[in-house]
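**Student:** Sharing a structure here in structure tokens format.
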Amino acid sequence: MDYPEVDIDIAKVATQAKELSSHSWEYGTAAEAILELSNRDLSVYSKTPFPSNGVPTSNVDEVASLQDVKPHIRLDSNTLIEDKWGVADPAALGVSSILIGQSNPAYLHAARRQATYLVHEAPRFGGPHNAISHRKDVLEVWADFMYMVPPFLAYFSVAAEDATWMKEALAQCRAYRDALATKSTGLDQGLWHHIAGPQNGDLGYWCTSNGWVAAGLVRVLATLKGWEETREWAGEMQELRQMAREILDGAICTDSRSREVALLPNYLHSQDAEPWADDVSGTALLASVVYRLAMLEPEVFEGTSERAGMRYLEWAERKRRAVFASVDPETGIAKPAVNPLKHKQREPLTTGSPEGQAFVVGLWAAWRDWRGVV
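Position 15 of the sequence shown, counted from 1, bears residue number 15 in UniProt numbering, the numbering being contiguous throughout.
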């Protein structure tokens, strides 16, 4: 189905992202998206993300995303929020904690404890690069980790003025690539499996998890490029750029409606007899990555995907239009959206996904920023 171009009330979408959130990663993801929307000068996508070569300072009372997330951050623990099962998810609050910590040191100390826990105390899945387990109760790697942990460790590296943390962020990107990136050389080449592990293993290409990975890689890339200490790390930047590009190439190549204004399915390149429902969440996140990369690496991402034979931005524009057309103008709810707590549920949500709402906010912010430079 083709959709006309529509505008959306992004404030309504953002409000739903905040109000629907109830888990650690949802609070952090909403905060990141709203920061990019309302205070882009404080985000890694700012033209000067690290003024004076450090984390920017702000009046927290005037930054909506930080006000929203501050009550959820713990100051008396080695993780930023209580999470019975998750190793990685509390790190979603890390960038916000660091930003608050520029005027309230207790939050910076909390961020340091979180980083220390991840690198020195958390259970390890193993592998050549010693991947940190996404879970406490069972050693598993989930693609979602890539949005939570590497961007936080990279940002903490700037706050701590210590490139060791950046190196660990990069090591975890490699570790997770080794564990989850498909070995296929077919149309699905470049895509990542969702989960590897004994309890929750899912070798499907969940759309949202591929978005989590690509968006996390781009946040690390933006941090590398923005910090004077790592600005010359050309090899590492190329590595991140290539990983993100491979995911986008895989998403476009397996998109049977790549030349239509249409959402992506909940699982990409599925071989199931029953087709998957469309999903606004993963579609929004993957499209947002294209706009961010087109600004960070225009020589590549303003161009054409050689594998897909299509311009990245041409594909992203179609996906964006489909996402915007999926937003209820009265409520700001984006639908249909996968149930983030039951990713294999066939029936999509029509009442709103917390992370899906945040992804739409992030897409809108990325699209706005891209339009400002073209």
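A virtual CB, placed ideally from N, CA and C, is assigned to each residue, including glycine.
Output yes or no for whether 8 Å exceeds the beta carbon distance between A169 and S157.
**Tutor:** Cβ distance < 8 Å, so A169 and S157 count as in contact.
**Student:** How many Å lie between M1 and P348 at the Cα?
**Tutor:** Bear in mind that the predicted position of M1 carries a pLDDT of just 41, short of 50, making it unreliable; the figure below should be weighed with that in mind. Those two C-alpha atoms are separated by around 18 Å.
**Student:** From the DSSP output, read off the bridge partner residues of M310.
**Tutor:** Paired residues: S305.
**Student:** Is it right to say E299 is buried, meaning 16 or more other beta carbons lie within 10 angstroms of its own, or is it exposed?
**Tutor:** Per the 10 Å Cβ criterion, exposed.
**Student:** Which two residues bound the contiguous beta strand (DSSP E) that contains G201?
**Tutor:** Looking at the DSSP string, G201 is not in any beta strand (DSSP E), and its letter there is neither H nor E.
**Student:** V360 and A284: beta carbons closer than 8 Å?
**Tutor:** Yes; because the gap between Cβ atoms is below 8 Å, this pair is in contact.
**Student:** Suppose you measure from the CA of T15 to the CA of P128; what does that come to, to the nearest Å?
**Tutor:** When rounded, the distance between both Cα atoms is 42 Å.
**Student:** Taking all protein chains shown into account, do 16 or more other C-beta atoms lie within 10 angstroms of the C-beta of G186, making it buried, or fewer, making it exposed?
**Tutor:** It is exposed - the Cβ of G186 has fewer than 16 other Cβ atoms within 10 Å.
**Student:** Hey, E36 and G362: beta-carbon distance below 8 Å or not?
**Tutor:** Taking 8 Å as the Cβ cut-off, E36 and G362 qualify as a contacting pair.
**Student:** Tell me G86's beta-bridge partners as DSSP assigns them.
**Tutor:** According to DSSP, G86 bridges with R135.
**Student:** Which of helix, strand or coil does DSSP assign to L180?
**Tutor:** Three-state DSSP puts L180 in a helix.
**Student:** If you follow the beta strand (DSSP E) that R241 is in, where does it begin and where does it stop?
**Tutor:** Where R241 is concerned, there is no enclosing beta strand (DSSP E), although the alpha helix (DSSP H) it sits in stretches over 234-253.
**Student:** Scan the region 115-166 and note each continuous alpha helix (DSSP H) run of 4 residues or more that stays entirely inside, going in chain order.
**Tutor:** For the region 115-166, whole alpha helix (DSSP H) runs of length 4 or above, ordered along the chain, are 145-160.
**Student:** Determine, using beta-carbon pairs with one atom in the region 187-195 and one in the region 160-175, whether at least three such pairs fall under 8 Å.
**Tutor:** Cβ pair count under 8 Å is below three, so no.
**Student:** Measuring only the C-alpha atoms, how far is L93 from R113?
**Tutor:** Taking the straight line from one Cα to the other gives about 13 Å.
**Student:** Near L139, what residues of its chain come up, given a Cβ to Cβ distance below 7 Å and the 5 sequence neighbours on each side ignored?
**Tutor:** Excluding residues within five positions, the ones whose Cβ falls inside 7 Å are P123, F125, S133, G197.
**Student:** Assuming contact is defined by CB atoms lying nearer than 8 Å, are G39 and V63 in contact in what I supplied?
**Tutor:** Note that residue 39 corresponds to Asn in the displayed sequence, not to Gly. Yes, these two residues count as a Cβ contact at 8 Å.
**Student:** For D2, name the three-state secondary structure that DSSP assigns.
**Tutor:** Only weak support exists for where D2 lies, its pLDDT of 49 falling under 50; the value from the coordinates is given anyway. In the structure shown, D2 sits in coil (DSSP, three-state: anything other than H, G, I, E or B).
**Student:** How many angstroms separate the CA atom of L118 from the CA atom of R135?
**Tutor:** One C-alpha to the other measures close to 11 Å.
**Student:** Can you grab the Cα-Cα spacing for the pair L240 / T182, in whole Å?
**Tutor:** The straight-line gap from Cα to Cα measures roughly 17 Å.
**Student:** Check the Cβ-Cβ distances between H343 and every residue of chain D, and say whether any is below 8 Å.
**Tutor:** Note that chain D does not occur in the displayed structure, where there is just one protein chain.
**Student:** At what residues does the alpha helix (DSSP H) containing K18 begin and finish?
**Tutor:** From DSSP, the alpha helix (DSSP H) with K18 extends over 10-20.
**Student:** Tell me the DSSP bridge mates of A91?
**Tutor:** Answer by DSSP bridge pairing: none, since A91 is not bridged.
**Student:** For V374 and A222, I'd like the C-alpha separation in whole angstroms.
**Tutor:** Any reading at V374 is ruled out, since the residue's pLDDT is 46, under 50, leaving its predicted position unreliable.
**Student:** Which residues in the same chain as N210 place their Cβ atom closer than 8 Å to its Cβ, once the five residues preceding and following it in sequence are excluded?
**Tutor:** Excluding residues within five positions, the ones whose Cβ falls inside 8 Å are A143, L191, W192, I247, G250, A251, L268, G282, L286.
**Student:** Are at least three pairs of beta-carbons, each pair with one atom in the region 81-98 and one in the region 26-33, less than 8 Å apart?
**Tutor:** These segments touch.
**Student:** Consult DSSP for L293 and reduce its assignment to one of helix, strand or coil.
**Tutor:** Three-state DSSP puts L293 in a helix.
**Student:** Excluding five sequence neighbours on each side, which residues of the same chain lie with their C-beta closer than 6 Å to the C-beta of I73?
**Tutor:** L80, L93, S97, listed in sequence order.
**Student:** Starting from the Cα of E5, find the closest Cα among N78, A106, G332, A322 and give me that residue.
**Tutor:** Comparing Cα-Cα distances from E5 to each of N78, A106, G332, A322, the minimum goes to A322.
**Student:** Hey, could you find the ends of the alpha helix (DSSP H) R368 is sitting in?
**Tutor:** Here the alpha helix (DSSP H) through R368 covers 354-371.
**Student:** Answer with buried or exposed for S256, where buried requires no fewer than 16 other C-beta atoms within 10 angstroms of its C-beta.
**Tutor:** Result: exposed.
**Student:** Determine, using beta carbons only, whether R346 and A277 come nearer to each other than 8 Å.
**Tutor:** Closer than 8 Å, so yes.
**Student:** Would you report the Cα separation of W25 and R307, rounded to the nearest angstrom?
**Tutor:** The alpha-carbon atoms of W25 and R307 are separated by roughly 33 Å.
**Student:** Return the bridge partner residues of L349 from the DSSP annotation.
**Tutor:** L349 pairs with A337.
**Student:** Could you give the distance in angstroms between the alpha-carbon of D68 and the alpha-carbon of S58?
**Tutor:** About 15 Å.
**Student:** Which residue wins for smallest C-alpha separation from G28, given the options Y45, G54, A325, K70?
**Tutor:** Of the listed residues, the one whose Cα sits closest to G28 is K70.
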